[in-house]
Amino acid sequence: MTTAVFSQETESRFAAARAVADAVLFEGYVLYPYRASAAKNRLRWQFGVLVPPAWGADCDEHDFQHTECLMEPRTGATLSAEVRFLHAQRRTVQRACQDGSFEDTSELSLPDRVLVPWDEGAEERVEVTVTVAELAGDGITVPFSRSAREETELVHDAEGRLVGRLVRRREEVSGVVRLSTCEVDGPYRVSRLTAVVENTSTWSPDDGRAGRDAALPHSLVAAHLLLCLGAGSFLSMTDPPEWAKGAVASCRNLHTWPVLAGEPGQADLMLSSPIILEDHPAVAPESPGALYDATEIDEILALRTAALTDQEKREARGTDAKAAAVIDLAESMPPEVLERLHGAVRSLREVTGSAPKAPGDEVEADLLAEPGQPHVVMPETPWWNPEGDAGLDPARDEISVDGRPVSAGSRVILRPGRRRTDAQDLFLHGRTALVEAVLHDVDGGVHLAVTVDGDPGADIRREQGRFLYFQPDEIALLEDE
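Mind the numbering: the sequence shown is residues -11 to 469 in the numbering used here, read in order.
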């Protein structure tokens, strides 16, 4: 057994899964609007936090993760395991005094950023390589620890004058990795791998009532596990073969979720994550970089971040280096990159052929079929475009409601139906509105696009084509119509 650095071959195999593992590591690390003062950034790190045993005994947090998965190792195979977690380091801000000393402050304002106290996360790894044969029975136990440390960073203003410093402190953390295997009964040679990651830190609160913030520096934050078989394969825990479903169901996974990692079709990598993933998770190729927010999509975050005020951007840049990188990314993102974030239909690629290999590559519009297959000619207008059918004209079409014609320009009373409505529609019941267009969907349904009378944003809605939609049985014509 060794805890030395992985071989180049193992590193290259792990690299296929590292992008997703990094996303797990920094899941929700800092949330939009990326400022320490934001309410949503005052409760940090909700996923995979393994707390000290003495503190976790009286709360809902856990001090261990327990993973079980099935594998089919070949003779002489090795298993490489990598535990990854963040080590919380507490950053304090100090102002320079005239006598050369420093004093703590809640804020240090600079032209480009506003520095405030904050908990940063330093990435830690524990690497283990062992032969599968050594894991039989009780297996192996690998303890690890990270010592306490303190670092100081001097802060200068635009003229180079010393104005303060940042002091970063890490507390000691320790843990253990336990790996073992046992044979699974049945006609196939399958082993059940058990991997336990546990926080063994001896820290305990002095008064017995310390809060979560006090325990975080002694915790393994966003802990997860990467496993790699040197020869052989893992079985999918979410979509196993029929013969292995019983054995998979008997596996016990606590506070973790193991999935196959790496490229689709690859089965020698496993990612045991504190969040639920599908097999072979991947970062979208359109994503321009890490945004660290666990609740939003890239396009929304990029647009919202670019719209922050200059003061808000200064605060974000001073909160964390990763937040500063997000601000810089949003400000420098070219239009063509932002356009790619607007959506991608991946499910069509298996039917229409491969996607362009690189930005700028073009695919002939009338040659979407595979070689040797009949050509598919693309229409000039897509089927979902209202102008794709010359027989339809939303601005001129009309329908009959209670024997009376309704078209663009008709004034109606809104009467949202009970079965198709939502809470917002109920507030519009009885309001009068102007019909802007009559729309037909591909299933033969009819929808009326309307603007509500008295809506101060009606002109903007018309310019953007963003209306409210009702069906014919949800309106009535005004008597004067």
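Glycine included, C-beta positions come from ideal geometry on N, C-alpha and C.
Model, not experiment: these values are computed from the prediction.
Rounded separation between residue i and residue j - CA only
| i | j | result |
| --- | --- | --- |
| Ala425 | Arg305 | 46 angstroms |
| Phe73 | Glu111 | 6 angstroms |
| Glu147 | Leu98 | 11 angstroms |
| Ala211 | Ala383 | 57 angstroms |
| Asn29 | Tyr22 | 8 angstroms |
| Glu(-3) | Leu67 | 13 angstroms |
| Lys301 | Thr140 | 24 angstroms |
| Leu41 | Trp231 | Residue identity check: residue 41 is Pro in the sequence provided, not Leu. If I take the Cα positions, the gap works out to 39 angstroms. |
| Arg454 | Arg113 | 50 angstroms |
| Ser168 | Ala124 | 6 angstroms |
| Ala295 | Gly442 | 29 angstroms |
| Val351 | Pro323 | Here Val351 scores only 43 on pLDDT, less than 50, and its place in the model is too uncertain to base an answer on. |
| Thr119 | Asp431 | 60 angstroms |
| Val209 | Ile128 | 23 angstroms |
| Val172 | Glu284 | 42 angstroms |
| Glu115 | Lys233 | 31 angstroms |
| Leu465 | Leu402 | 9 angstroms |
| Asp385 | Val423 | 11 angstroms |
| Glu319 | Cys47 | 42 angstroms |
| Pro216 | His50 | Reading the sequence as shown, one finds Cys at residue 216 and not Pro. Rounded to whole angstroms, Cys216 to His50 spans 26 angstroms at the Cα level. |
| Trp106 | Ser179 | 45 angstroms |
| Pro460 | Val389 | 7 angstroms |
| Thr293 | Ile315 | 7 angstroms |
| Asp126 | Glu56 | 14 angstroms |
| Thr80 | Pro228 | 49 angstroms |
| Asp100 | Ala311 | 13 angstroms |
| Asp349 | Ser0 | Low confidence applies here, because Asp349 scores a pLDDT of 49, under 50, leaving its location unreliable and the question unanswered by this model. |
Under 9 angstroms between C-beta atoms of residue i and residue j
| i | j | result |
| --- | --- | --- |
| Gln82 | Leu154 | yes |
| Val104 | Asp281 | no |
| Ile387 | Val325 | no |
| Ala136 | Val165 | no |
| Ser189 | Val161 | yes |
| Leu58 | Leu213 | no |
| Ala421 | Ile463 | yes |
| His330 | Glu303 | no |
| Tyr20 | Leu289 | yes |
| Phe415 | Leu436 | no |
| Ala65 | Gly218 | yes |
| Leu31 | Ala84 | no |
| Gly109 | His75 | yes |
| Pro269 | Thr244 | no |
| Thr117 | Ser25 | no |
| Trp474 | His206 | Lying outside -11 to 469, the shown extent of the chain, residue 474 is not represented and no answer is given. |
| Leu456 | Val438 | yes |
Contact test: residue i Cβ vs the ligand MN heavy atom, cutoff 8 angstroms
| i | result |
| --- | --- |
| Glu139 | Here there are no bound small molecules, and the ligand MN is not part of this structure. |
Anticipated Cβ contact below 8 angstroms, residue i with residue j, distance rounded
| i | j | result |
| --- | --- | --- |
| Arg328 | Glu266 | Their Cβ separation, rounded to whole angstroms, is 22 angstroms, which puts Arg328 and Glu266 out of contact at 8 angstroms. |
| Gly174 | Ala121 | With a Cβ gap of about 20 angstroms, Gly174 and Ala121 do not count as contacting. |
| Gln77 | Arg134 | 11 angstroms between Cβ atoms; not a contact. |
| Leu13 | Val185 | 14 angstroms between Cβ atoms; not a contact. |
| Arg419 | Val394 | The Cβ separation is near 17 angstroms, so there is no contact. |
| Arg240 | Glu60 | Actually they are not in contact, since the Cβ atoms of Arg240 and Glu60 sit about 20 angstroms apart, beyond 8 angstroms. |
| Val271 | Ala11 | 6 angstroms |
| Ala249 | Leu259 | 4 angstroms |
Fully enclosed by the stretch 188 to 258, which beta strand (DSSP E) runs are 3 residues long or longer? 209 to 217, 220 to 222 and 245 to 248
Are three or more beta carbon pairs between the stretch 254 to 261 and the stretch 212 to 227 nearer than 8 angstroms? yes
Return the chain-ordered ranges of every alpha helix (DSSP H) run that is complete within the stretch 27 to 111 and spans a minimum of 4 residues. 41 to 44
Is the stretch 276 to 293 touching the stretch 85 to 99, taking contact as three or more C-beta pairs under 8 angstroms? no
Segment contact, 8 angstroms Cβ cut-off, at least three pairs: the stretch 199 to 206 with the stretch 1 to 17: no
So within the stretch 410 to 469, which uninterrupted beta strand (DSSP E) runs reach at least 3 residues, ignoring any that extend past its ends? 420 to 428, 434 to 440, 456 to 458 and 463 to 465
Can you list, in chain order, the stretches of the alpha helix (DSSP H) that have 4 or more residues and sit fully within the stretch 280 to 332? 286 to 294, 298 to 307, 309 to 320 and 323 to 328
Starting from the N-terminal side, write out each stretch of the alpha helix (DSSP H) that is 4 residues or longer and does not extend beyond the stretch 119 to 148. none
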